[in-house]
Amino acid sequence: MSTQELCPLCGEGQVTQHREDAEQTYAGHTGPVPMYFRSCNHCGSDFAGAEESLLNKRAMMAFRKRVDGLLPAARVAALRGKLRITQAQAAKLFGGGPVAFSKYETDDVAQSSAMDTLLRLVEANENAFWTLVDQKGMQADFGRTQAQPAQSSQPMQPLTASEGPSPLYEPVELKRPPQDNPQTGQTR
Ligand SMILES: [Zn+2]
7 MSTQELCPLC GEGQVTQHRE DAEQTYAGHT GPVPMYFRSC NHCGSDFAGA
57 EESLLNKRAM MAFRKRVDGL LPAARVAALR GKLRITQAQA AKLFGGGPVA
107 FSKYETDDVA QSSAMDTLLR LVEANENAFW TLVDQKGMQA DFGRTQAQPA
157 QSSQPMQPLT ASEGPSPLYE PVELKRPPQD NPQTGQTR
């Protein structure tokens, strides 16, 4: 933005952008949140233009995410970088809609608690990510480069297949709840 623009209120002074922490309260928690505004060196007016309003909205959203215990925007972006997936691929894998990750990563919106849980799970356990890739039928997007032994050229079988864990992951504990056939631990 230009700092040389004339004040829209008095038409004479020059405005400059400022940032100051202000105490904000959300859900019973009070803390400092950066607030952006412009002030005029002639009439002394402080005001927020479109740019400041957007920054303020995002700063407040970041504060609300902290209070709600949701992953901050930078951590969502870092997770996506670690997984080497685009925002569109992330939306396809995790849900939320086509522009969800753009919004999470700029603090335009907060991810739901369920989305946050899913992201934390995948952050903590890369096997969960590959499980999700298989469930969404997105293997081709990821080229199967994660040192998974290519034991079978068949496409993924649905969970009713009798072979147990997919050959596409390490054989981690993938036991199903023993609701059907507790004596064998297998359902079919
Ligand atoms: Zn002014």
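Okay, so the sequence shown: first residue is 7 according to our numbering, each after it adds one. Backbone N, C-alpha and C define an ideal beta-carbon position, used for all residues, glycine too.
Taking all protein chains shown into account, do 16 or more other C-beta atoms lie within 10 angstroms of the C-beta of residue i, making it buried, or fewer, making it exposed?
i      : result
Cys16  : exposed
Glu169 : Confidence at Glu169 is low in this model, with a pLDDT of 45, below 50, so its placement is unreliable and no value can be given for it.
Asp113 : buried
Thr137 : buried
Cys46  : buried
Cys49  : exposed
Ala106 : buried
Ala56  : exposed
Ala146 : exposed
Ala130 : exposed
Are residue i and residue j touching if we call contact CB-CB under 9 Å?
i      : j      : result
Gly102 : Ser119 : no
Glu111 : Val82  : yes
Lys63  : Lys98  : no
Pro78  : Leu61  : no
Val128 : Leu85  : yes
Gln30  : Met67  : no
Can you find the residues in the same chain that come closer than 6 Å, C-beta to C-beta, to residue i, ignoring five residues on each side of it along the sequence?
i      : result
Ser108 : Gln93
Ala54  : Phe43
Ile91  : none
With a threshold of 7 Å on Cβ separation, who are the neighbours of residue i within its own chain once the five nearest residues in sequence on each side are excluded?
i      : result
Gln10  : Gln20
Phe148 : Val139
Gln124 : Note that residue 124 is Leu in the sequence shown, not Gln. Phe100.
Asp122 : Leu76, Leu77
Output the boundary residues of the beta strand (DSSP E) element that contains residue i.
i      : result
Glu26  : 21–32
Met144 : No beta strand (DSSP E) holds Met144; DSSP gives it neither H nor E.
Thr36  : 35–46
Taking 8 Å as the limit between beta carbons, can you name the residues of its chain near residue i, skipping five residues before and five after?
i     : result
Val33 : The amino acid at residue 33 is misidentified as Val; the sequence shows Ala. Answer for Ala33: Arg70, Val73, Asp74, listed in chain order.
Note the first and the last residue of the continuous alpha helix (DSSP H) segment covering residue i.
i      : result
Val105 : Element bounds for Val105: n/a, residue is neither H nor E.
Ser59  : 56–74
Gln10  : First-last for Gln10: undefined, no H or E at that position.
Leu77  : Counting along the chain, Leu77 falls outside any alpha helix (DSSP H), and DSSP gives it neither H nor E.
Val128 : 119–130
Could one say the Cβ of residue i lies closer than 9 Å to chain B's Cβ atoms, at least one of them?
i      : result
Glu129 : The structure shown contains no chain B; it holds only a single protein chain.
- With distances taken from each beta carbon to the nearest heavy atom of ligand 1, which residues come in below 6 Å, in chain order? Cys13, Leu15, Cys16, Gly19, Cys46, His48, Cys49, Ser51
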